[in-house]
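Take this note's numbering: the final residue in the sequence shown is number 591, and no numbers are missing along the way.
Note that beta-carbon positions come from the ideal geometry of N, C-alpha and C, so glycine has one too.
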Amino acid sequence: MPDIVFLFDVDNTLLDNDRVTADLKRHLEQQVGPERQQRYWDIFEQLRTELGYADYLGALQRYRMDYPRDPSLLTVSHFLVNYPFATRLYPDSLDAVEHVRQWGKAVILSDGDVVFQPLKVERSGISDSVDGVLIYIHKEKELEDVERRFPAAHYVLVDDKIRILADVKKIWGARVTTVFPKQGHYALDPKIVGAYPPADISINRIGELLNYQLASFQ
Numbered sequence: 374m375p376d377i378v379f380l381f382d383v384d385n386t387l388l389d390n391d392r393v394t395a396d397l398k399r400h401l402e403q404q405v406g407p408e409r410q411q412r413y414w415d416i417f418e419q420l421r422t423e424l425g426y427a428d429y430l431g432a433l434q435r436y437r438m439d440y441p442r443d444p445s446l447l448t449v450s451h452f453l454v455n456y457p458f459a460t461r462l463y464p465d466s467l468d469a470v471e472h473v474r475q476w477g478k479a480v481i482l483s484d485g486d487v488v489f490q491p492l493k494v495e496r497s498g499i500s501d502s503v504d505g506v507l508i509y510i511h512k513e514k515e516l517e518d519v520e521r522r523f524p525a526a527h528y529v530l531v532d533d534k535i536r537i538l539a540d541v542k543k544i545w546g547a548r549v550t551t552v553f554p555k556q557g558h559y560a561l562d563p564k565i566v567g568a569y570p571p572a573d574i575s576i577n578r579i580g581e582l583l584n585y586q587l588a589s590f591q
């Protein structure tokens with residue numbers, strides 16, 4: 374059994390998903406106007422509540438039910454599918470992944486849909502930089518499957534959502550070291566962060582992992 378496996382989230386951990394969302398909002402407003410743009414995001418939030426993860430393409434499909442004759446839908450779908458995700462990687466994010474791979478495997482552990490999220494991981498170049506990609510509906514509920522696919526004596530989980538880090542810590546306990554990069558709107562919301570115990574390690578940006586050595590994670 375390997376000594377250690379590093380598990381990386383994607384959105385707002387390796388990739389600035391807040392900027393992706395901002396770009397989509399601008400594109401939507403240009404193509405369909407402010408009122409219909411807001412309707413898309415209302416559907417998006419409703420769907421996220423139902424599914425437990427962000428589903429951009431699924432929200433677009435539901436939006437189509439309200440506006441079945443809107444030709445701008447084609448431009449929005451093209452925008453999403455062809456988005457240049459590699460330009461939204463955080464500085465030094467892939468270098469940080471490569472840095473920890475000298476000690477063990479690096480694996481993506483993400484939530485998301487079965488089309489857009491894998492596309493994001495592939496188009497950004499992340500998939501070529503890791504030893505595996507795991508995308509679940511609720512990843513904190515799939516730790517047994519993570520262990521089966523990537524067994525290890527110890528895990529390091531890097532995630533911008535403090536709730537996820539806290540939930541995984543409850544299950545794995547001392548077998549996991551939690552790393553909290555303070556990036557993105559979830560990580561910078563004091564109410565959300567204050568509602569959970571602190572992570573084992575907190576960093577201001579993902580590139581700071583380059584300053585850490587193996588002993589810090591054990």
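Three-state class that DSSP yields for residue i in the structure shown
| i | result |
| --- | --- |
| Asp484 | strand |
| Phe523 | coil |
| Leu453 | helix |
| Thr550 | strand |
| Asp540 | helix |
| Leu387 | coil |
Burial state of residue i, where buried means 16 or more other Cβ atoms lie within 10 Å
| i | result |
| --- | --- |
| Thr551 | buried |
| Lys543 | exposed |
| Val480 | buried |
| Leu401 | buried |
| Leu561 | exposed |
| Val494 | buried |
| Glu513 | buried |
| Ile510 | exposed |
| Asp439 | exposed |
| Ser497 | buried |
| Asp415 | exposed |
| Gln591 | exposed |
| Val454 | exposed |
Boundaries (first-last residue) of the beta strand (DSSP E) holding residue i
| i | result |
| --- | --- |
| Phe379 | Ile377 to Phe381 |
| Ile508 | Gly505 to Tyr509 |
| Ile499 | Note, Ile499: premise wrong, no beta strand (DSSP E); not H, not E. |
| Ile574 | Ile574 to Ile576 |
Rounded Cβ spacing between residue i and residue j (contact assumed at less than 8 Å)
| i | j | result |
| --- | --- | --- |
| Phe553 | Val473 | That pair is no contact at about 16 Å. |
| Tyr456 | Val529 | Contact flag wrong, Cβ pair sits at about 29 Å. |
| Tyr559 | Asn390 | Not confirmed; about 10 Å, so no contact. |
| Leu388 | Arg435 | Contact flag wrong, Cβ pair sits at about 25 Å. |
| Arg521 | Leu507 | The Cβ separation is near 11 Å, so there is no contact. |
| Pro375 | Lys478 | 7 Å |
| Tyr413 | Ala395 | Not really, about 14 Å apart at Cβ, beyond 8 Å. |
Beta-carbon proximity of residue i to residue j, cut-off 8 Å
| i | j | result |
| --- | --- | --- |
| Val405 | Asp443 | yes |
| Val531 | Val541 | no |
| Asp382 | Asp533 | yes |
| Leu484 | Tyr426 | At residue 484 the sequence reads Asp, which differs from the Leu that was named. For Asp484 and Tyr426, yes; Cβs fall inside 8 Å. |
| Gly580 | Ala469 | yes |
| Leu482 | Val519 | yes |
| Ala526 | Pro570 | no |
First through last residue of the alpha helix (DSSP H) which encompasses residue i
| i | result |
| --- | --- |
| Ser466 | Ser466 to Val473 |
| Trp476 | That residue, Trp476, is in no alpha helix (DSSP H); it is neither H nor E in DSSP. |
| Asn390 | Asn390 to Leu424 |
| Gly567 | Pro563 to Gly567 |
| Leu433 | Tyr429 to Asp439 |
| Gly557 | Gly557 to Ala560 |
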